[in-house]
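Chemist: Got a structure for you, written out below as structure tokens; questions coming shortly.
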Ligand code: ADP
Ligand code: MG
């Protein structure tokens, strides 16, 4: 388990990471979501021991970042933002170099390399110089260098930024595969990204955590009202009877054009009233032309949380 405890990082007078706390359980895929400048990369650099915290602690199993930097680095694979690679090297030479740095023995190297390139889909490009590879393949090389020592934790900082939609889909597939065997932290400023691959999301803004939970939980905790738009053929004078039948719901008349009426119905989203509403309308022998449910998406929540937390 990884645990961030009251973690703080100052750059001079700027507090880039401001007293954050969260835990990542073994085997989880955690999405670390926030707009640019939120403090994501700084946090990840502290977890990977590239930066020392100003205050607070990071505990990984029985190790902490102050005393056990070497052990922690061995447990973690890290793909930094902008994926720094040696462009002149071939994929093979680069991975051989990384394996040496990671102190993988000559004996183990061939098998390790074979497993890694297979996992990352690099077999066809193994003898090509990295500078000749597409951005999608370069990202695979970046992931390969991160997993070559078989770490149980993998940290990917904005792994799909700058890729085209096909490349994004491929890298996401690879991330999902890796998530089956490793604990994963993926940072992103794109909501759909973390929604697509993560079990749980931590949202950060201005160095502070502003929301966290599973996608479902985040939806629940922020959204109290479901909005149902209805278009009916019904006598206007009879519309109030819906409210009598279902006192829990709030009915607003939006537009009336003869017998063609538009309604907006609001109710607490913990119960779905659509069936009751349908049955009532059927019993009245009215006609439903349209029924549309709007629930707030994580996107709304993300926008709310990162724009100063204004709720409706
Ligand atoms: P994110 O990865 O979420 O975009 P960063 O962690 O890179 O955010 O940056 C958080 C804040 O810290 C930003 O305001 C950024 O300008 C600042 N920052 C990042 N790195 C440095 C640094 N080396 N020196 C000074 N300020 C920095
Ligand atoms: Mg960053």
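In the numbering used here, the protein residues as written are 233 to 544.
Using N, Cα and C, we set each Cβ at its ideal position, and we do this for glycine too.
(1) Using a Cβ-Cβ cutoff of less than 7 Å, which residues in the same chain neighbour residue 378 once the five nearest sequence positions on both sides are dropped?
(2) The beta strand (DSSP E) with residue 235 in it runs from where to where?
(3) Who are residue 329's beta bridge partners in DSSP?
(4) When you compare only the Cα positions, how much space is there between residue 543 and residue 537?
(5) Taking residue 488 and residue 474 to be in contact with their CB atoms under 8 Å, please state how far apart those CB atoms are, rounded to whole angstroms.
(6) Between the alpha carbons of residue 266 and residue 254, how many angstroms are there, rounded?
(7) Alpha carbon to alpha carbon, how far is residue 460 from residue 535? Give it in angstroms, no decimals.
(8) Tell me whether the segment 388-398 and the segment 360-371 touch, counting them as touching only if at least three CB pairs, one residue from each stretch, are closer than 8 Å.
(9) By DSSP, does residue 458 sit in helix, in strand, or in coil?
(10) Tell me, to the nearest whole angstrom, how far the beta carbon of residue 411 is from that of residue 429; I am working on the premise that it is less than 8 Å.
(11) If you draw a straight line from the C-alpha of residue 336 to the C-alpha of residue 446, how long is it?
(12) When the Cα atoms are used, what is the spatial distance from residue 374 to residue 244?
(13) How many Å lie between residue 434 and residue 272 at the Cα?
(14) Here's the rule I'm using: 16 or more other beta-carbon atoms within 10 Å means buried, otherwise exposed. How should residue 314 be labelled?
(15) Applying the criterion that 16 or more other CB atoms from any shown protein chain within 10 Å of the CB defines a buried residue, is residue 381 buried or exposed?
(16) Quick one: Cα of residue 351 to Cα of residue 406, how far?
(17) Using three-state DSSP, classify residue 282 as helix, strand or coil.
Modeler: A quick look at the data gives this:
(1) 309, 310, 311, 386
(2) Where residue 235 is concerned, the enclosing beta strand (DSSP E) stretches over 234-243.
(3) Its beta-bridge partners do not exist; DSSP assigns none.
(4) With a pLDDT of only 36 at residue 543, under the threshold of 50, the placement of this residue in the model should not be trusted; the figure read from the coordinates follows. Their backbone Cα atoms lie some 9 Å apart in a straight line.
(5) That belief does not hold up - the Cβ atoms of residue 488 and residue 474 are roughly 14 Å apart, past 8 Å.
(6) 15 Å
(7) Near 22 Å, if we compare the C-alpha coordinates of residue 460 and residue 535.
(8) yes
(9) strand
(10) 7 Å between Cβ atoms; contact.
(11) 37 Å
(12) 31 Å
(13) Looking at the two C-alpha atoms, the distance is approximately 10 Å.
(14) exposed
(15) buried
(16) Spanning the alpha carbons of residue 351 and residue 406 requires a straight line of approximately 8 Å.
(17) coil
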